[in-house]
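Order-wise, the sequence lines are chains A and B.
If you use the numbering used here, the first sequence corresponds to residues 4 to 200, in order.
If you use the numbering used here, the second sequence corresponds to residues 4 to 200, in order.
Before any comments, here is the structure.
There are 2 protein chains.
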Amino acid sequence: MADGPPPRERADAARNRAKVLAAAEGLFAAGDPAAVTMDDIAKAAGIGRGTLYRRYPDRASIARALLDEHERALQEQLLRGAPPLGPGGGAGEAHPTPADRLAAFYRAMVDLLETHVHLVLGAETGIARFRTGAYAFWRLHLAHLARQAGLPDPETLADQLLAPLAPELFRHQRDSGRTPEQITAGLSTLAHGTLGR
Amino acid sequence: MADGPPPRERADAARNRAKVLAAAEGLFAAGDPAAVTMDDIAKAAGIGRGTLYRRYPDRASIARALLDEHERALQEQLLRGAPPLGPGGGAGEAHPTPADRLAAFYRAMVDLLETHVHLVLGAETGIARFRTGAYAFWRLHLAHLARQAGLPDPETLADQLLAPLAPELFRHQRDSGRTPEQITAGLSTLAHGTLGR
DNA sequence: GCAATAAGTGGACACTCCGTCCACTTACGT
DNA sequence: ACGTAAGTGGACGGAGTGTCCACTTATTGC
């Protein structure tokens, strides 16, 4: 049952993967990410459909590959970073309130969305968003904060506190002329109202 | 420029419209509403594709036709119904607080979703949700409440307070075993936290 | 009743995208 | 240099979309 040593990726395959990611990034950023087809990506990368499908089963997996490192960086900060994003309580560090940590999380997510909405929209469409590992992580974090704040049913509330970060809403608000600062301010109101003054 | 008298709908056309709506209702309720195709609906209604497209340009417009009356009833209640859903202040009526009205709205929307999620999911997919007349109405209502509560930037906040009612989230929460009561309770926490104690 | 006519009908068509398959090519270990 | 397994790309069948148009049918005025 022991896995053999992982067979190394061939040089041409690695080259093609890089071409795919670069091409996809461009296409997602250019227009409506939901309208990008696997065909488009293959053409833009200069490879055949079969080659593309060999590594990526659909558009979402490509977008997620591009998004992963950014999300992982934020997850790291939530677990071990400085307060108010991280938990604090280290040497000379105050314990931030749950409300402050939620507001800081909101701010960080707005930053991430501002830079990468096109990728998030390429990756998560509708109900599939809730099945991603990233969503599970955010949800766990918010449930933890809600529990700390002494609120009932923190899991249910976590989903509801995550909802205003839906990429479609963010896009809609930005397209309607709202600035990232306005959006962050609104979320901050929500955070402090719900988790404590 | 004067419109002539609206030409009456022919009897066979009316009959077919009824067949379409009945068939579509059944299909939406049966499985994944997003997976229902125009072909399916035409087949189930026993009519041709051309006939279907004559009246409804896409699946969403059919779902909206089915949904409209339910939403209109709620809109009526918000404007002129009894408090806390309506504004109150009539004979022997107290003025409900904005937080109470928001909580009542949340409760009513959860009821509506519980009965008709399949239609809402058939009608509103992703970013298109924000372009519907219904969304504009809810948004206006919530912005009004936020303004009454003395909060800054009520428009931005209105979008964010509407986000936890996203049909995809509702479906996800129900599928995860949450009851409508749990969902309403969470939203109530949100309402009272944000718009006042 | 019986045209005349405008509304309504349905299936064929051209198109796009999807996902798979497989004969061919190329990189890598020996 | 050679064998082989990984990698490649385009052809293919299937599903869905939206349009088009020759035919059918309800309605209106006589």
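Glycine residues also receive a C-beta, built at the ideal position from the N, C-alpha and C atoms.
Task: Assigned exposure category for G93/A - 16 Cβ within 10 Å defines buried - done: exposed
Open item on the list: If I measure Cβ to Cβ from R13/B and keep anything under 8 Å in the same chain, skipping five residues before and after, which residues do I get?
Closed with: none
Task: Spatial distance of A126/A from G153/B (CA atoms) - done: 38 Å
- [ ] In angstroms with no decimal places, state the Cα-to-Cα distance between Q185/B and V39/B.
- [x] 30 Å
TODO: Determine the direct distance from the alpha carbon of D61/A to that of L122/A, and round the result to whole angstroms.
DONE: Spanning the alpha carbons of L122/A and D61/A requires a straight line of approximately 14 Å.
TODO: Could you say which of A68/B, G34/B, L77/B, A161/B lies nearest to R174/B if we only look at CA atoms?
DONE: G34/B
Task: For A21/A and Y59/B, the rounded distance between their alpha carbons - done: Cα atoms of Y59/B and A21/A: separation of roughly 44 Å, rounded to the nearest angstrom.
TODO: Mark L82/B as exposed unless 16 or more other C-beta atoms lie within 10 angstroms of its C-beta, in which case mark it buried.
DONE: exposed
- [ ] Determine the chain A residues that contact E171/B at a beta-carbon separation under 8 Å, and present them in chain order.
- [x] G129, I130, R132, F133
Open item on the list: Buried or exposed for G7/B, going by 16 or more other Cβ atoms inside 10 Å?
Closed with: Caution is warranted here: a pLDDT of 47 is assigned to G7/B, below 50, making its placement in the model unreliable, and the coordinate value is therefore given only provisionally. Classification for G7/B: exposed.
Task: Local conformation of L88/A per DSSP, three classes - done: coil
Task: Own chain, CB closer than 8 Å to I218/B, minus 5 neighbours either side, in chain order - done: Beyond the ends of chain B as shown, which are 4 and 200, falls residue 218/B; an answer cannot be given.
Task: Closest Cα partner of A37/A within the set L164/A, T159/A, V120/A, R200/A - done: V120/A
Open item on the list: Three or more C-beta pairs under 8 Å: does that hold for the region 162–174 of chain B against the region 153–170 of chain A?
Closed with: yes
- [ ] In angstroms with no decimal places, state the Cα-to-Cα distance between G180/A and L69/B.
- [x] 32 Å
Open item on the list: Does R11/A pass the burial test, meaning 16 or more other C-beta atoms within 10 Å, or should it be called exposed?
Closed with: exposed
- [ ] Compute the beta-carbon to beta-carbon distance between L145/A and L105/A, rounded to the nearest angstrom, for a pair I have assumed lies under 8 Å.
- [x] Approximately 7 Å separates the beta-carbon atoms of L145/A and L105/A; this is inside 8 Å, confirming the contact.
Task: Cα-Cα separation, L124/A to T128/B - done: 13 Å
Task: Residue-chain proximity (A166/B, chain A), Cβ-Cβ < 7 Å - done: yes
- [ ] Could you check the C-alpha separation between R177/A and I50/B for me, to the nearest Å?
- [x] 43 Å
Task: Candidates N19/A, T187/A, A76/A, G196/A: closest to F140/A by CA position - done: Checking every option, the nearest Cα to that of F140/A belongs to A76/A.
- [ ] With distances taken Cα to Cα, identify the nearest neighbour of T135/B among R67/B, A48/B, G53/B.
- [x] R67/B
Task: Contacts of R174/A in chain B (Cβ-Cβ under 7 Å) - done: I130
Task: Closer than 7 Å to chain A by CB, G196/B - done: Answer yes: the Cβ-Cβ gap between G196/B and chain A drops below 7 Å somewhere.
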